[in-house]
Each structure stands twice: as structure tokens, then as C-alpha cells.
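The next block holds one structure in the form of C-alpha cells; read it before the comments.
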Amino acid sequence: MKKFLPIILVSLISGFAFSQTALHSFESHLQPTVQGLTQSQIELYISKGNFEPYRLQDKRTTLTFDNGFEIILLSANEAERIGLISNASSYQVDFPKTYKIPVFHMSPQGFVVAAYPANPKSKKK
């Protein structure tokens, strides 16, 4: 088992490396009220995270951060045309009708948290 541990670790790390958001596959729009984060920090942290599940085939997706900025993900087709992704057809065409994109928060250390809206059909009491 100890012989296979390095192989397992390399395969896990390579999987995480390929799930990052390519640096030029999004635009960032900062409000003047952003505090504690520079545009270069935001772009670095976004590129280290995995926002690919929010990318659509033909439409740009706007992700809102409660810190006072937005990230606009290029469509998968746009990103494929400029060589940032290899297979745009593997992305979803649209989100389900009942799906609400969460509001995100980025800490000064680069940690990102998503706040999903409460589900009114939930049985939590």
C-alpha cells in the first residue's frame, strides 16, 4: 500500500490542478467600496478556485460577491475559442429553472464561501 501512496497523491493533485478556473476566462468588475482586496488578488484567488460548474456553453455568467465586486465568466464557447478550455460541449446549456446562483464572499486570505438561498420546500424546522 505504501508503494501506491505517491501515485494516489499525484493523481489527486493533478485532478485538482485541472479543475481551476483559467486566469483569462473571466472578467472582474470592482465597485469603489471593495475593501481589503485588490483586483490582482481577486483575479489570483478566482483563478485558483473552481468556478467551472457555473460556466454555461453559450452564455456568460455573472457571479456576485458581497465584498462589492462581480466576476463574469466567459461562456464555454468563448473560452474554447481562445484556447482556455478544450471541450465546450461538456458544459451545461443553462441552469435548471429553479436554480438560484449563490452570492459569494471572499476572505482577505482568498477563501470563497457561497451562500445559497434557503429552499422554501425544505422540511427543516
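Read in order, the letters of the sequence shown are residues 36 to 160 in this note's numbering.
The beta-carbon is built from N, C-alpha and C at its ideal position, and this holds for glycine as well.
Separation of residue j from residue i, as counted between CA atoms
| i | j | result |
| --- | --- | --- |
| E87 | Y126 | 9 Å |
| A150 | R116 | 32 Å |
| K132 | H140 | 24 Å |
| K165 | L79 | Since the first and last residues shown for the chain are 36 and 160, residue 165 lies out of range. |
Beta carbon of residue i nearer than 7 Å to that of residue j
| i | j | result |
| --- | --- | --- |
| V147 | D101 | no |
| S110 | K135 | no |
| A114 | S60 | yes |
Nearest to residue i (by Cα), restricted to the options the options
| i | options | result |
| --- | --- | --- |
| G145 | D93, S75, N154 and K94 | S75 |
| G161 | Y151, G71 and T133 | No answer is possible for residue 161: it lies beyond the span of the chain, which begins at 36 and ends at 160. |
| Q92 | L79, F130 and T99 | F130 |
Beta-carbon contacts of residue i that lie in its chain and below 7 Å, excluding the five residues immediately before and after
| i | result |
| --- | --- |
| T56 | I81, S82, G84, N85, F86 and E87 |
| P143 | G71 and L72 |
Close beta carbons around residue i, own chain, < 6 Å, minus the five adjacent residues each side
| i | result |
| --- | --- |
| T97 | E105 and I107 |
**Asked** Between the segment 63-74 and the segment 118-132, do at least 3 Cβ pairs fall closer than 8 Å?
**Response** no
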